[in-house]
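Step one of this worksheet: look at the structure below.
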């Protein structure tokens, strides 16, 4: 059941990153929370399978740190790629 709490923590981090990082209008509102949720749940499952118990603080710290560390650069890269792609498409269509 604690994995649900880890999932919720990751989604909240993803929502925060969605609003904190640039190019918010260029990506879907669910992209950052989905990436954070996947990172958080995969980390939680891996640590659980490795034998780390829920009473260990490392599993909880990783549920907070890993989603933020993984999601931020991915969302930044997606936003930058989208801006570059949109600029190329505008030039191709002669709109610039």
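In this note's numbering, the protein residues as written are 166 to 261. Ideal Cβ positions, reconstructed from N, Cα and C, are used throughout, including at glycine.
query: Along the chain, where does the alpha helix (DSSP H) that runs through residue 167 open and close?; result: 167-185
query: Under 9 Å between the Cβ atoms of residue 175 and residue 228?; result: yes
query: Compute the Euclidean distance between the alpha carbons of residue 220 and residue 259, then round it to the nearest angstrom.; result: 60 Å
query: Are the Cβ atoms of residue 168 and residue 213 separated by less than 9 Å?; result: yes
query: In the structure shown, what three-state DSSP assignment does residue 212 receive?; result: helix
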